[in-house]
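Report on one structure; see the data block that follows.
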Amino acid sequence: MGMYGRDLLSLYEYDSDEIKSIINLALKLKNGVHPPSTLKGKNILALFEKPSTRTRISMEVATESLGGHFIYIDKTTTQLARGETLKDFALVTSRYVDLIAVRAYDHNDLVEISKWAEVPVVNMLTDRFHPLQALADVMTIIERKKGRVTIAFLGDGSANTCHSLMLASSKMGWEFRVGCPKALTPNPEVYKIACKSASNNKGSVLITDDPLEAAKDADVVYTDTWFSMGIKRSEERIKLLLPYQVNSKLLSHARKDVIVMHCLPWYIGEEITSDVAYGPKSVVWDQAENRLHTAKAVLLLLLTPGLKV
Ligand code: CP
Ligand code: NVA
């Protein structure tokens with residue numbers, strides 16, 4: 010099935026070949042290949058309920074540099090803030106724009122918009138998933154590693170980034186390990202789907218509360234903030250997560266050529282130490298750059314009829 014006209018809400022709905030097609034196009038664009046189509050005449054609406062640096066800017070630059078028009082909307086400035094329903098928002102804006110991208114607290118709100126929208130809907134992060142981030146993550150890993158990769162995600166196993174990378178990794182046939190406290194394990198439904206997809210693609214998924222078991226001989230060590238947007242800061246949570254901090258001691262258990270990844274923004278001294286964050290194994294700036302190339306690829310594939318990569 011082509012990707013034209015489809016939603017991108019999680020990564021459930023995309024198979025391995027489709028994910029690989031997105032990454033292949035992103036890699037080509039990064040390497041200077043002329044885009045196979047443009048976004049000329051296309052209007053992209055980006056609705057934000059939470060702050061953003063990378064997602065907003067990469068999506069805006071991707072759209073405009075391909076000839077499209079990007080409309081940034083802060084939810085508090087719309088009638089949604091005064092009670093207009095998501096259904097009406099989706100039905101109305103579908104008459105104006107070609108694609109609706111949404112950053113929302115509640116994943117169900119995104120699903121509600123997609124239910125009523127008559128144009129493709131793209132998830133720019135919810136409490137449950139961050140698929141655009143996972144695509145950039147996979148691209149960054151493919152640029153550096155060959156074959157079956159072992160990824161260790163350390164920290165908050167219930168984070169959107171962990172869920173999305175777990176799904177992407179399972180579709181790539183990679184080994185994905187989550188090292189997290191028992192109280193912060195991935196969502197069971199997401200885990201179940203990832204396990205099924207991993208077994209279809211010769212990958213694997215492991216959840217452990219032993220950070221060293223997760224990190225042992227890993228090719229990639231990944232972490233994210235311990236306080237995702239919407240989660241209240243507490244000393245209790247810091248204490249719970251401290252054993253999963255990505256620091257040089259933990260990294261000594263991974264492979265020598267391990268790469269360290271983080272979606273950013275990070276909280277130095279919490280989930281990652283400064284020496285590791287800014288050290289030679291860290292690939293976070295390339296990872297952040299790849300948000301731009303994958304955003305371009307996604308927009309082109311969803312908005313160009315019959316585009317094949
Ligand atoms: N990684 C990421 O999504 O960053 P922003 O919150 O800045 O968009
Ligand atoms: N898990 C983080 C990702 C930020 C890009 C959050 O949801 O805040």
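Just so we're on the same page, this note's numbering is the position in the sequence shown counted from 1, plus 9.
Each residue gets a CB set at the ideal place from its N, CA and C atoms; glycine is no exception.
query, result
"One or two residues paired with M68 in a DSSP bridge", "Beta-bridge pairing links M68 to no other residue."
"Secondary structure, alpha helix (DSSP H): runs of 4+ residues fully inside the region 207-238", "220-224"
"Helix, strand or coil at E4 according to DSSP, with G and I counted as helix", "The displayed coordinates of the chain run from 10 to 318. Any statement about residue 4 would go beyond what the structure contains."
"A90 in three-state terms, based on DSSP", "helix"
"Bounding residues of the alpha helix (DSSP H) (the contiguous stretch that carries F98)", "95-102"
"T159 vs D228 beta-carbon contact at 8 Å", "yes"
"Check whether L163 and V214 have beta carbons under 8 Å apart", "no"
"Rounded straight-line distance, which links the Cα of S173 to that of K155", "21 Å"
"Whether I326 touches N52 by CB criterion (8 Å)", "The requested residue 326 is not part of the displayed model; the chain covers only 10 to 318."
"Three-state class that DSSP yields for S291 in the structure shown", "strand"
"Per DSSP, cross-strand counterpart(s) of Y81", "A55"
"Three or more C-beta pairs below 8 Å linking the region 36-46 and the region 305-318", "yes"
"Extent of the continuous beta strand (DSSP E) run through I109", "108-112"
"CB contact flag (L17, P195, <8 Å)", "no"
"Cβ-based burial, K241 [other Cβ within 10 Å; buried from 16]", "exposed"
"Outcome for Q296 when other beta-carbon atoms lying within 10 angstroms are tallied against a minimum of 16", "buried"
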